[in-house]
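Colleague: Below you'll find the structure I mean.
In structure tokens form, the structure reads like this:
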């Protein structure tokens, strides 16, 4: 298997950090890079649109989380981006479709997503999308 880019979607949850660690291990084994995609949840997206949450606040939180991943990366190159997991104007936009769209855009060869059960954590966006990603991804997917 030839892997150059591993997509690790994250949402600030402990489960997504653990999945990103698996993504880093795979990238290290294949001399690949990791693209950490920070997916904003429905509450963050709505709060930003309504002006109830400052962009700088969200940017600082996502940057701090990606910095945690970079601290674990060792020699693995980590790229990052942030996206809205939901859209009020585009009903087909949800975390699963956003992850798959990003995978195609960055030409990801492998995806690593968390599969922990939801425990009411409002930041846990990715777990809701895992089944969709597994069902529709054209790349291999590791669900942890």
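Residue numbers (full-length UniProt numbering): 1 to 144.
C-beta: ideal position from N, C-alpha, C; glycine also.
Since the model is a prediction, treat every value here as computed from it, not as a measurement.
Grab the span of the alpha helix (DSSP H) containing residue 157 for me, first residue to last.
Modeller: No statement about residue 157 is possible, as the shown extent of the chain runs from 1 to 144 and does not include it.
Colleague: For the pair the region 107–115 and the region 68–79, tell me if three or more CB-CB distances fall below 8 angstroms.
Modeller: In this structure the region 107–115 does not lie against the region 68–79, because fewer than three pairs of beta carbons, one per stretch, are closer than 8 angstroms.
Colleague: Would you report the Cα separation of residue 28 and residue 55, rounded to the nearest angstrom?
Modeller: Within the chain shown, residue 28 is the residue found at index 28, counting from 1. Within the chain shown, residue 55 is the residue found at index 55, counting from 1. About 33 angstroms.
Colleague: Is the CB of residue 65 under 8 angstroms away from at least one CB in chain D?
Modeller: Reference to chain D is not applicable here, since this structure consists of a single protein chain.
Colleague: Go through its chain and collect everything with a Cβ distance to residue 140's Cβ below 6 angstroms, but skip five positions before and after it.
Modeller: Here residue 140 refers to the residue found at position 140 of the chain shown. 110.
Colleague: Check each candidate in 12, 71, 17 and 16 and name the one with the smallest Cα separation from residue 60.
Modeller: Translated into the one-based positions of the chain shown, residue 60 becomes position 60. The residue with the shortest Cα to Cα distance from residue 60 is 12.
Colleague: What three-state label does DSSP hand residue 16 in the structure shown?
Modeller: Against the chain shown, residue 16 aligns to sequence position 16. In the structure shown, residue 16 sits in a helix (DSSP, three-state: H, G or I).
Colleague: Roughly how many angstroms lie between the CA atoms of residue 84 and residue 25, to the nearest whole one?
Modeller: As a first step, residue 84 is located in the chain shown; it is residue number 84 there, counting from the start. As a first step, residue 25 is located in the chain shown; it is residue number 25 there, counting from the start. So the two alpha carbons sit approximately 27 angstroms from each other.
Colleague: Give me the Cα-Cα distance between residue 1 and residue 32, rounded to the nearest whole angstrom.
Modeller: Taking the chain shown and counting its residues from 1, one reaches residue 1 at position 1. Taking the chain shown and counting its residues from 1, one reaches residue 32 at position 32. The straight-line gap from Cα to Cα measures roughly 12 angstroms.
Colleague: With which residues is residue 36 paired in a DSSP beta bridge?
Modeller: Position 36 of the chain shown, counted from the start, is the residue given in the question as residue 36. Answer by DSSP bridge pairing, in chain order: 8 and 80.
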